[in-house]
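These protein sequence lines are chains A and B, in that order. In this text, residue positions in the first sequence follow the working numbering: the first is 1, and each later residue adds one. In this text, residue positions in the second sequence follow the working numbering: the first is 1, and each later residue adds one. What follows is one structure encoded as structure tokens, with my remarks underneath.
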Amino acid sequence: MSGLLGSLSIALSSLIANQQALESSANNVANVNTSGFSRQRPVMIAGDPVVLGRLSFGTGVVMQKLESLRDPILELRLNQESQTQGQLDSTLSALQQIQVTFSGTDSGIGAAISKFFDSVQQLSTDPTSLSLRQGVLTAASNLATSFNTASHNLQTQHSNLDLNVVQTVGEINTLTPQIAALNRQITDFENVHQDASVLIDQRGALIRELSSLVDVSVIQTEHGITLTTSNGTPLVAQERSFQLTTQIAAGGIHKIFAGTVDITGLLPAGKLGGLLDVRDNRIPALQTSLDQLAAGLATALNTAHRSGFDLNGTAGIDLFVPPPAGGVGAAAALSLALTDPVLLAASSDGTPGSNGNLAVISAVHDQAVAAGQKPLDFYSRLVFQVGSDTANAAADLDASQLILRQLEDQRASISGVSLDEEAANIVRYQTAYQAAARVISTVNTLLDTAVNLGT
Amino acid sequence: MRVNPYPMPDLLAALNRTRQDTQEALLELSSGRRVNQPSDDPAAAAILVQNHDQTTVTERYLQSLSSIQGQFQTADSALNSVILVIQRALTLGVEGANGTLSDTDRAAVAAELQGIQDQLISLGNTSFQGRALFAGTLTNSPPFVKDNTVASGVRYDGNDAVNAVQIGDGYQIAVNKPGSQLFVAPGHDVFQAMTGLIQAMQSNTGFTAAMTSLRDAFDYTSGQRVFYGNTMNQAQAQSTYLGAAKLQLSQQENTLAAADVAGAASRLVNSDTATNATLAAIGRISQLSLFDFLK
């Protein structure tokens with residue numbers, strides 16, 4: 001086709017294409033603050049030419065598609081870093097709460113151990129004094145309480161983390177069906193060759209959210225996306241999602257199941273990975289250390305105490321209730337076995353004024369009571385452990401945040417909407433639209449001239 | 001290369017970081033401590049546990065020293081009195097032995113000597129804060145009791161045990177000398193010697209032997225008193241040493257945990273400057289875009 005009417009149709013195609021382009025710019029501007037939105041760019045191509053004799057004429061412009069600008073590899077790296085950050089975030093916040101139990105040199109287990117031995121030394125200068133004997137019992141009772149409190153704090157942390165695990169599994173279970181539903185919609189759109197980029201953005205944002213909760217591997221297939229944990233447990237397979245379940249197991253903690261398979265130990269990353277690590281590894285390890293110290297110290301002090309004689313000249317009994325065999329739960333259960341200061345076995349020979357056995361009790365201060373270490377050496381090692389674990393998690397989180405920021409920067413530089421760019425584009429589309437309109441008006445004039453030729 | 005059109009999140013993250021630095025510097029300055037929780041400096045936190053324990057122990061040694069010092073002084077002055085009293089008995093003995101006294105006079109001297117014997121028993125029963133000082137470890141009852149069934153007329157109810165108190169790591173000192181060693185040591189029994197002199201005075205015979213054993217008891221007791229003098233000297237020296245050790249521990253604690261005031265202040269200034277700069281940068285981000293210039 002050629003001639004004036006051909007020009008008219010070319011101008012019309014330009015009007016339509018530029019209007020559509022304007023629309024995409026308008027949409028970009030509208031979504032300037034939408035998180036996860038990838039800007040769209042119109043792709044226009046020239047219309048198929050028509051050949052007239054030796055000449056080939058263009059037929060205007062066609063809007064081929066609106067292209068979403070995103071880098072799939074970058075999205076994957078963002079997902080991975082979100083997992084790391086989610087894990088470090090939950091680990092750090094749990095460790096920060098745990099280390100409170102071990103901070104403070106004037107309170108806590110370390111100070112209680114020091115004060116107990118201090119009271120024993122004090123009694124040695126006046127072994128018959130009932131008030132000083134009471135002082136030793138009070139210090140021993142405080143020592144037991146400090147172990148009880150520390151153990152109780154860890155237990156509380158443990159229960160809170162367990163609750164958090166259940167909640168996180170719930171969050172995962174609300175995200176996966178949404179992702180599966182989006183998968184279905186995206187496939188439907190793509191089956192009829194429609195642009196699904198908005199839905200893809202939404203799905204990307206949800207996968208990002210899911211990645212911060214649990215370790216997720218994204219497998220792109222022809223029929224959409226499959227999400228699995230790193231050990232291969234499916235979370236979403238194309239249009240289907242799979243719920244994770246929790247069940248109370250031994251010790252009152254929740255185990256995580258995929259179907260009938262226990263995957264609790266197989267989730268290293270994401271918020272869930274961090275929570276599980278602290279809940280199942282770090283807190284039990286600390287609890288075991290506390291038990292070890294409580295049991296070792298109580299047993300050594302009991303042995304020392306039994307080697308002496310009380311104020312009545314009777315052989316000493318246990319100072320603390322003997323810790324359970326194997327030591328499990330020793331810190332939580334530690335308590336005094338005697339309340340009468342007269343029964344404190346200070347004497348080494350049965351005479352009331354002797355202080356000989358107090359030296360034996362004092363010597364426990366420098367005895368290897370737990371893991372071949374002296375009580376305070378063992379405790380200070382524990383303080384170091386907790387402190388360095390927390391400090392390391394904080395440093396790792398800082399680094400991860402930096403990486404995530406840089407990745408976000410990169411993502412924004414590719415997918416983010418720039419208002420300047422959109423303004424310039426709008427001017428371009430407007431100018432093109434105006435020019436096409438001018439062509440139509442010119443053609444109109446010419447047609448008018450042609451129609452009026454006959455009159 | 002297209003740039004990130006949203007610099008705001010980066011700037012906010014930077015602002016967050018500088019504000020965190022400010023807060024940490026402020027905490028260090030206001031608490032006066034650099035290590036407030038183990039993660040601030042894990043190694044220092046671990047050493048602080050030991051430091052705190054050693055400080056507690058050292059302070060206890062010092063307090064033990066001062067509380068046994070009172071006991072020592074009481075015992076020492078009791079022994080001093082014992083020596084003076086025996087001296088008086090010796091003088092009386094010399095008078096009695098020179099053969100010029102009448103029977104009546106000798107009876108009077110014997111009565112005075114008996115009074116001295118009672119005084120010695122009372123000194124042997126000296127107590128400090130309710131504890132008999134010369135009873136070994138049977139401190140809750142007076143160790144010396146009059147008893148006519150024994151030769152010396154005085155029975156020792158205490159024992160031979162000695163208490164030791166720790167005044168340093170692996171450093172214990174004996175804090176008492178049992179009466180059995182001070183007053184009734186075999187061959188140097190003070191009460192026996194006194195009884196001998198009283199009997200000599202009453203019977204007007206055997207003065208030489210009685211005076212010899214009393215002199216011997218006098219020399220022996222004087223020698224035993226040296227124990228308290230020596231131990232008090234040791235205690236004094238240890239006290240000086242512990243004072244220095246305590247100072248060293250508190251210096252170590254300062255080095256480990258005390259706020260680095262100058263450092264913290266300069267970090268405060270730095271982070272404050274950084275915060276202001278970031279705020280200024282955010283303020284100067286153009287609120288305008290190309291849209292504002294298209295008419």
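Using N, Cα and C, we set each Cβ at its ideal position, and we do this for glycine too. Values in this document were obtained by computation on a predicted structure and should not be read as measured data.
- Beyond the five residues adjoining it in sequence on each side, B/V85 comes within less than 8 Å, by CB distance, of I116, Q119, L120, L123 in the same chain, given in chain order.
- Contact fails between the stretch 133-153 of chain B and the stretch 30-42 of chain B, because fewer than three Cβ pairs, one in each stretch, are under 8 Å apart.
- Taking 8 Å as the threshold, the shortest C-beta distance from B/D189 to chain A does not fall below it.
- For the options A/Q238, A/S211, A/E222, A/R240, the alpha carbon positioned closest to that of A/S230 is the one of A/S211.
- By the 16-neighbour rule on beta-carbons within 10 angstroms, B/Q129 is exposed.
- The beta-carbon of A/A424 is placed less than 8 Å from the nearest beta-carbon of chain B.
- In this structure, the straight-line span from the alpha carbon of B/S30 to that of B/A262 is close to 13 Å.
- Annotated as proximal: A/A11 and A/A436, with beta-carbon spacing under 8 Å.
- Cβ-Cβ distances below 7 Å link B/T231 to F72, I173 in the same chain, with the five nearest sequence neighbours on each side left out; the list follows chain order.
- Straight through space, the alpha carbons of A/E75 and A/A205 are spaced by roughly 10 Å.
- Here B/F227 is near B/K177, since their CB atoms are less than 8 Å apart.
- With distances taken between CA atoms, B/L79 lies nearest to B/F183 out of B/S271, B/A277, B/S286, B/F183.
- Inter-residue distance for A/P177 and A/Q185 is about 12 Å (C-alpha atoms, whole angstroms).
- Interface annotation for the stretch 97-110 of chain A against chain B: Q99, V100, F102, S103, T105, D106, G110, criterion Cβ-Cβ distance under 8 Å.
- Taken in chain order, the complete alpha helix (DSSP H) segments of 4 residues or longer contained in the stretch 90-133 of chain A are 108-124.
- For A/M44, the beta-bridge partners assigned by DSSP are A/M63.
- Considering only beta carbons, the part of the stretch 278-293 of chain B lying closer than 7 Å to chain A consists of S289, L290, F291, in chain order.
- With respect to chain A, the C-beta atom of B/T255 has no partner C-beta closer than 8 Å.
- Assigned with DSSP and collapsed to three states, B/A161 falls in coil, not helix or strand.
- For A/G416, the chain B residues whose Cβ falls inside 9 Å of its Cβ are R2, N4, P5, Y6, in order along the chain.
- Per DSSP, reduced to three states, the secondary structure at B/K146 is strand.
- In this chain, A/P322 is not harboured by any beta strand (DSSP E), its DSSP state being neither H nor E.
- Among the residues of the stretch 134-166 of chain B, those with a Cβ less than 8 Å away from any Cβ of chain A are A135, G136, T137, L138, T139, N140, N159, A161, N163, A164, V165, Q166, in the order of the chain.
- A/Y379 reaches chain B at V49, counting residues in chain order whose Cβ is nearer than 7 Å.
- For the 8 Å CB-CB criterion, B/A259 and B/R19 do not form a contact.
- A distance below 8 Å between beta-carbons, with the five flanking residues on each side excluded, links A/A196 to the following residues of its chain, in chain order: Q185, I186, F189, E190.
- The stretch 7-24 of chain B makes no contact with the stretch 359-366 of chain A, as fewer than three CB pairs between them are under 8 Å.
- The contact set of A/N355 on chain B, defined by CB atoms closer than 9 Å, consists of T137, N163, A164, V165, V175 in chain order.
- Between the alpha carbons of B/Q114 and B/S203 lies a distance of about 14 Å.
- At a cut-off of 8 Å, the C-beta of A/Q85 has no neighbouring C-beta in chain B.
- The beta carbon of A/V261 sits closer than 8 Å to those of T233, all from its chain and outside the five residues before and after it, given in chain order.
- Counting along the chain, A/A258 sits inside the beta strand (DSSP E) bounded by residues 254-258.
- Measuring C-alpha to C-alpha distances from A/D340 to each of A/N33, A/E23, A/L130 identifies A/L130 as the nearest.
- Between the stretch 154-167 of chain A and the stretch 259-275 of chain A there are three or more C-beta pairs closer than 8 Å, enough to call the two in contact.
- DSSP places B/T126 outside any beta strand (DSSP E), giving it a letter other than H or E.
- Counting only runs of at least 3 residues, the stretch 138-187 of chain A fully encloses no beta strand (DSSP E) element at all.
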